[in-house]
Each structure stands twice: as structure tokens, then as C-alpha cells.
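Enquirer: Have a look at this one before I ask anything.
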Amino acid sequence: MKTSEILNHSDYNFIRTDEHLGKYVVLLGLAGSYSYGTDITSSDIDIRGITLNRKSDLLGLAKYEQYVDDNTDTVIYAFNKIIKLLLRCNPNTIELLGLNKEHYLYLDNIGQELLDNKKMFLSKWAVNSFGGYADAQLRRLQNFLARASFPQSEREQHIFNSVKNAMHSFNCQYKKYSKGSIEIFIDKAENPDFDTEIFVNADLKHYPLRDYANMWNVMTNVVRDYDKVGKRNKKKDNFHLNKHAMHLVRLFIMALDILEKGEINTYREQEKNLLIDIRFGKFQKSDGTFNDSFYDLISEYEKKLHYAADNTELPDEPDFEKVQEFVMSVNERVVRDEI
């Protein structure tokens with residue numbers, strides 16, 4: 002596949018003719034399997050990109066967030082929208098800043114400015130975003146497999162890990178509070194149907210209601226999702242199961258690069274063979290479930306993620322001031338018709 006020829010196809014004429022795209026597009030790149038290095042013969046070409054908000058979006062009543070073309074599996078985000086997603090270290094968009102050079106199909110000077118300043122978006126928020134996505138992928142796998150046969154203690158550990166991924170450093174965040182404390186832990190079960198069980202120690206006074214509601218909503222949603230395991234009859238075919246498993250591992254690997262190195266590396270050269278092996282079912286048993294080696298691998302990555310989260314040199318939050326200056330600079334050029 003010659004990436005330089007992709008956009009010349011008539012299927013992509015909308016990029017040149019749509020009023021929100023054309024001269025306003027600053028970046029276009031490959032997404033999906035080709036960008037990760039996990040493509041196979043049947044892989045489709047996915048394109049993601051960024052287009053500037055027009056003057057009418059910035060000063061008038063118009064509102065524009067993205068262009069979606071289902072025929073070519075293309076999504077082009079409006080500049081202001083993708084900035085908000087990048088600030089949250091959203092995995093589906095932050096990867097657009099870490100492509101191999103040859104995987105950028107179009108890049109103008111503003112797009113290059115964005116790439117040159119991509120580290121301003123990196124922060125410990127990546128723990129929640131990538132950890133949350135990875136956790137959702139794991140639960141999706143288990144739901145698809147209807148793993149009702151999972152040992153209860155192992156299921157309980159997964160729930161516990163899910164809560165920690167969804168709310169990074171739960172105990173650090175909530176255990177110490179000026180007027181109380183709360184922590185979660187696993188211990189011998191009091192429920193006669195369980196071997197182990199998640200417990201909560203809580204002693205709160207004068208605690209903000211919204212923080213309290215948010216904390217319990219996260220835990221409730223995790224437990225509810227796991228309770229659905231084994232209650233669904235619909236199962237995915239092996240191809241899609243293995244693809245989910247591959248992306249689960251890829252999310253962990255990419256998150257570790259961000260937390261340990263402060264780098265966004267979308268193409269996984271070093272781990273390519275491992276990811277391809279997962280995609281082709283190396284860790285899948287004859288009954289369609291995954292073997293212990295796969296879950297050992299996931300457990301190891303979870304441990305690495307938690308360690309990296311506790312020891313990363315990334316700031317607690319993105320560099321909002323620098324991001325705002327960049328956004329204002331770009332949007333001012335649009336308003337002044339300098340694009």
C-alpha cells in the first residue's frame with residue numbers, strides 16, 4: 002500500500018470539497034491496524050484527522066465538532082474538540098500525535114506545530130484514560146466469553162483492579178481526608194457464596210456530596226458490569242475476540258510509554274510479533290476462551306501500569322496554560338483570515 006496515493010482516490014473527494022474541510026484541514030493520518038503495525042491482508046484503511054474551526058464557528062452561531070464518512074471509515078475532528086480530547090489523553094485521539102512519519106497522509110504547518118508541542122498534553126490523566134479503556138476492553142472480553150466459570154476469587158480480583166483502574170490511586174485519593182477516610186481492600190469473604198470479597202472501610206464527615214456520588218457511581222458501574230458476565234448469550238467470533246485481546250495489550254503498552262518515557266508511540270515495532278500472535282489466536286484455547294498465559298500477561302501489565310502511575314515524572318495535569326496559548330494562536334489566525 003502506497004500511503005501517498007490514498008487521498009488521490011475519488012472516495013476521498015469530500016476532503017477537498019466539504020466546506021468544513023479543504024484548506025482548513027491541518028493533519029490527516031492512518032489509524033487502526035496500519036498505524037499500530039498489526040495490519041493483516043483483510044485490514045481496512047482508517048483515516049483520522051484534524052480540521053480547524055472556521056471563523057463562523059469561533060465568532061458566530063455555528064457549531065462544528067467533526068466530519069464522519071462511514072464509506073471510507075474517516076473521522077476528522079474539529080480543532081477545538083480534539084484539543085479537549087487530547088487534554089484528557091483520550092487513547093483514540095492521542096495516538097494521532099504519535100504516528101510513524103510515513104503514516105501522516107497530510108500535514109501542514111499548524112499540524113506540525115501541534116506535533117512539535119504534543120508533550121503539553123501528557124499528564125497523569127493518562128492513567129485514568131488508558132487504564133479505563135483497557136479495563137473496559139477486558140470486561141468486554143469476559144462478557145463475550147460469558148466467563149461464569151471464572152473462579153470467584155479471581156472475578157473479585159478483576160473487579161477490584163477495575164475500580165483501581167477507573168479511579169487511579171483510589172486509596173491515595175480518598176483514604177486521607179481532613180474529616181474522615183475511605184479505602185477499599187480484598188479479604189476473606191463474609192458472603193457464604195464467596196471465597197474472597199471486596200470490602201470498604203469508610204468514616205466520612207462533612208464530605209462533598211458530588212464527590213461522594215461520583216465515587217460510588219464508579220464502583221457501582223464496575224460491579225454491575227461484572228454481574229452481567231455469564232448472563233449474555235451473544236458471543237463474538239474468535240477473530241473479534243482475539244482482536245479485542247490484542248488491543249487490550251496494546252493499550253497497556255502505549256500507556257507505559259507515556260507514563261515511563263513521556264512519549265507517544267503508536268506504531269508498536271518492538272511488540273509487533275506479540276500483538277500479531279494474540280490476533281491470530283496464540284493465547285486462545287480450543288473452546289474459544291483464553292489460556293492462563295494470557296491472563297498472566299494482563300496481570301503483569303496491570304502491575305506495571307500501577308507502578309508507572311505511582312512513579313511517573315509526568316505532571317498531575319496537562320500544561321493548560323501552554324495549550325491555551327497554542328489554541329488562541331491558531332484560532333486567531335483563522336479569525337484574521339491568515340489560513
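If you count the sequence shown from 1, you need to add 1 to reach the numbering used here. Yeah, the Cβ is synthetic: ideal placement off N, Cα and C, and Gly gets one too.
1) Nearest-angstrom Cα distance between Ile-7 and Ile-16?
2) DSSP puts Thr-197 in a beta bridge; with which residues?
3) Out of Cys-90, Ile-46, Gly-61, Asn-72, which has the shortest C-alpha to C-alpha gap to Tyr-395?
4) Kindly list the residues whose CB is nearer than 8 Å to the CB of Phe-321, restricted to its own chain and excluding five residues on each side of it in sequence; keep chain order.
5) Between the beta-carbon of Leu-31 and the beta-carbon of Leu-100, is there less than 8 Å?
6) Taking just the CA atoms, how far does Glu-96 sit from Lys-56?
7) Got a sec? Which residues, its chain only, sit under 6 Å from Ser-34 by beta carbon, not counting five neighbours each side?
8) Which partner residues of Glu-184 appear in the DSSP bridge assignment?
9) Enumerate in chain order the residues of its own chain whose CB-to-CB distance from Leu-276 is below 8 Å, with the five nearest sequence positions on each side excluded.
10) Quick one: Cα of Gly-181 to Cα of Asp-338, how far?
11) Beta-carbon within less than 6 Å of Ile-187's beta-carbon, same chain only, minus the 5 sequence neighbours each way: which residues are those?
12) Helix, strand or coil for Thr-42 per DSSP?
13) Enumerate in chain order the residues of its own chain whose CB-to-CB distance from Gln-158 is below 8 Å, with the five nearest sequence positions on each side excluded.
14) Which residue comes first and which comes last in the beta strand (DSSP E) that contains Gly-30?
15) Do the segment 117-137 and the segment 305-316 meet, that is, are 3 or more Cβ pairs less than 8 Å apart?
16) Flag this pair as yes or no: are the beta carbons of Phe-122 and Val-324 separated by less than 8 Å?
17) Have a look at Val-331, His-10, Thr-52, Ile-48 and flag the residue whose alpha-carbon is nearest the alpha-carbon of Asp-19.
18) Using the three-state DSSP reduction, which class does Ile-16 fall into: helix, strand or coil?
19) Is Gln-113 buried or exposed, if buried means 16 or more other CB atoms sit within 10 Å of its CB?
20) Can you tell me the Cα-Cα spacing of Glu-318 and Lys-120, whole angstroms?
21) Between Lys-244, Tyr-107, Ala-135, Phe-284, which has its C-alpha nearest Asn-91's C-alpha?
22) Identify, in the order they occur along the chain, each residue of the same chain with its Cβ nearer than 6 Å to the Cβ of Tyr-78, setting aside the five sequence neighbours on each side.
23) Using DSSP's beta-bridge definition, name the partner residues of Gly-50.
24) Check the DSSP bridge columns for Leu-108 and list the partner residues they point to.
25) Hey, how far is the Cα of Phe-253 from the Cα of Asn-274?
26) Output the boundary residues of the alpha helix (DSSP H) element that contains Tyr-68.
27) First and last residue of the alpha helix (DSSP H) that includes Thr-94?
28) Glu-103 and Thr-42 - do their beta-carbons sit closer together than 8 Å?
29) Which residues mark the beginning and the end of the alpha helix (DSSP H) in which Ala-256 is found?
30) Within this structure, are the beta carbons of Gly-132 and Leu-306 separated by less than 8 Å?
Expert: Reading it off the structure:
1) 12 Å
2) Lys-189
3) Coverage of the chain is limited to positions 2 through 340, which leaves residue 395 absent and any answer about it impossible.
4) Leu-88
5) yes
6) 28 Å
7) Asp-40, Ser-44
8) Asn-202
9) Tyr-37, Gly-38, Thr-39, Met-247, Val-250, Arg-251, Arg-269
10) 56 Å
11) Phe-161, Thr-197, Ile-199
12) coil
13) Ile-187, Thr-197
14) 26-32
15) yes
16) yes
17) Thr-52
18) helix
19) exposed
20) 12 Å
21) Ala-135
22) Ile-51, Gln-67
23) Leu-29, Ile-77
24) Leu-28
25) 16 Å
26) Counting along the chain, Tyr-68 falls outside any alpha helix (DSSP H), though it belongs to the beta strand (DSSP E) covering 67-70.
27) 92-95
28) no
29) 239-262
30) yes
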